[in-house]
Amino acid sequence: MYDFVVIKYSEIGTKGKNRKVFESKLMNNIILQLNHKVTAKKIYGRIIVTPKENKKIDKNMLNSLKKVFGIKSISPAIEVKKDYEDIRNNIIKLLKDKNITSGSFKVDSRRTDKSFPIRSFDLNKNLGADILDEFPDLFVDVHNPDYLIRVEIRHELAFVYLENIECFAGYPVGAGGKASIMLSGGIDSPVAAWIMMKRGMKLNAISFYSPPSNNEKTVMKLIELSKKLSEFYPFNFYHYIIPFTEVQLAIKNLNIESYSLIMQRRSMLRIASKLAKHTQSNALITGENLGQVASQTLENMITISDATDMLILRPLVGYEKLEIVKKAQEIGTYDISIWPYKDSCVAFLPKKPATKSFPDKMKKYEEKINNLLELELNALKNSLVYVIKNGEVIDNYVFSDKEVFKSE
Ligand code: ATP
Ligand code: MG
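Sequential numbering of the sequence shown, starting at 720, is according to the numbering used here.
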């Protein structure tokens, strides 16, 4: 029923040249996220998204638009002729289609095209009267109407709309650098990924798993999470799933159970940093949260970070668990995160992880594993790579079959 969508975007902090970049990135991302089924053009500080081939806006298009970061709100609109009768008829049709027959309303017209002969004030009044005639159970409330009927008479075109659907705002993906998200199968890291994507970051994902003990189902769960995230992402989303068992075994053989988790995390960070450099990511993102579990103390965060010189972003560090759960439900990752398949084999997890640790001590332990770097590099080369676009896997391969690690 709708001809196009009128898009409002946040302009705060985006002045001058930046604003142009913001707008062109946003338009580009809209087209990519809607699989080239639409065109996007800018008029009077709005973006108008129109389906190609004279099609109408459908539900899928609206759902996809809601997931484009940088968009503040969307209004599905109906194009009208610059003619009173046509405007009135279309409003009446719209109200009927939406089954709006009772409650309060207000007509709010804007006329920037002064060649249209009726002033906004009169347009509001006349349209209001005609609507009352047609719908005896509707009444006018100019202060707090149930339905705000908007009419816009612009130079370029004229249209009417009812809804103003709030979206996530944020920045267009690609406006904020590139990072790698350390994606576990848990609740937190997908939310961390989403938050940084919303800040405009390009992302890829890095996950560690322990084959063969938690093979297919874990990989499937991780990919499902990426598929969800990819719905908010205009580009190909790369997910590197790294077999970590050999490294875990070597750490386990040191028999220092309480530190094994921290050692594993340090190793994950070293591997992730190598991969991040390979993929030109400038930062790593984790779902860490201060004090949420024994391993996430400030001391341990310091010891873990010491394993890399890359910037680590922890967008959830000060969040309440409940806030994270709510966010995960809102973006649709929660139901996947609670699947029971563990990302890492429980056999490698200490019963009582240490809450205090020191980098130097960990380095001494690491030196005892003389082939640690080799094991880590091997893990990386054997990783499974999944390429995901708009919720679907479009390619998958083993890292070393297609990609060459540069420091070799
Ligand atoms: P999450 O809900 O994200 O799993 P958590 O509260 O369970 O977080 P941990 O399991 O201690 O906390 O993990 C802390 C962070 O370390 C994760 O958010 C993630 O970024 C990273 N991480 C942990 N395990 C893995 C893994 N197997 N693969 C990739 N990253 C991981
Ligand atoms: Mg976890």
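Just so you know, even glycine gets a beta-carbon here, dropped at the ideal spot from N, CA and C.
Grab the span of the alpha helix (DSSP H) containing residue i for me, first residue to last.
i	result
Arg989	Ser979 to His997
Ala848	Ser839 to Glu853
Gln752	Gly735 to Gln752
Asp1054	Tyr1053 to Ser1056
Thr1022	Leu1017 to Ser1024
Phe1118	Phe1118 to Lys1121
Could you name the residues that DSSP lists as bridge partners for residue i?
i	result
Leu1003	Ser899 and Ile1031
Arg918	Answer by DSSP bridge pairing: none, since Arg918 is not bridged.
Leu814	Its beta-bridge partners do not exist; DSSP assigns none.
Tyr890	According to DSSP, which records beta bridges pairwise, Tyr890 is partnered with nothing at all.
Val1036	Beta-bridge pairing links Val1036 to no other residue.
Gly822	Leu857
Asn923	Ser899
Val768	Val724 and Ala759
Val1112	Ile1107
Ile776	Tyr721
Arg829	Glu871
Tyr928	Pro962
Lys885	According to the sequence shown, residue 885 is Glu rather than Lys. Looking at the DSSP assignment, Glu885 forms a beta bridge with Ser792.
Residue range of the beta strand (DSSP E) that residue i falls in?
i	result
Met758	The identity of residue 758 in the sequence shown is Thr, whereas the question assumes Met. Its beta strand (DSSP E) spans residues Val757 to Ile762.
Ser794	Ile790 to Val799
Hey, residue i and residue j: beta-carbon distance below 7 Å or not?
i	j	result
Ala991	Ile906	no
Lys744	Pro891	yes
Lys897	Asn748	no
Ser945	Asp1062	no
Leu1103	Ile960	yes
Tyr728	Lys791	yes
Tyr1060	Lys936	yes
Ile806	Val799	yes
Asn955	Val1123	no
Thr1022	Ser1076	yes
Phe887	Met916	no
Val1036	Leu1009	yes
Gln752	Val725	no
Arg918	Gly895	yes
Leu851	Ser828	no
Gly1006	Ser908	yes
Asp832	Ile872	yes
Leu922	Ala912	yes
Pro931	Pro962	no
Asp777	Ser823	no
Val740	Val757	no
Arg985	Glu1095	no
Asn809	Val879	yes
Ser1119	Leu1003	no
Phe835	Lys801	yes
Val826	Leu846	yes
Met780	Ala759	no
Pro1078	Asp1025	yes
Cys762	Glu943	Sequence check: residue 762 is Ile here, not Cys. Contact: no.
Could you check if residue i belongs to the surroundings of ligand 2, using beta carbon to heavy atom distance under 6 Å?
i	result
Gly1010	no
Ser1056	no
Leu979	A small correction: the amino acid at residue 979 is Ser; Leu does not occupy that position in the sequence shown. Ser979: no, Cβ never under 6 Å from ligand 2.
Ser903	yes
Are there any heavy atoms of ligand 1 lying less than 6 Å away from the beta-carbon of residue i, as far as the coordinates show?
i	result
Asp816	no
Thr937	no
Glu1007	yes
Asp841	no
Asp1025	no
Phe927	yes
Ile906	yes
Ser1014	yes
Ser992	no
Ser828	no
Ser945	no
Ser1063	yes
At a Cβ threshold of 7 Å, is residue i touching chain D?
i	result
Leu876	Among the chains of the structure shown, chain D does not appear; only one protein chain is present.
For the stretch 938–981, which segments carrying the beta strand (DSSP E) assignment without a break, of at least 3 residues, lie completely within its bounds, in sequence order? 956–962
Taking only runs that begin and end inside the stretch 1086–1110, name each unbroken beta strand (DSSP E) of 3 or more residues, in chain order. 1103–1108
Any beta strand (DSSP E) of 3 or more consecutive residues that is wholly inside the stretch 849–883: 857–859, 866–872 and 877–880
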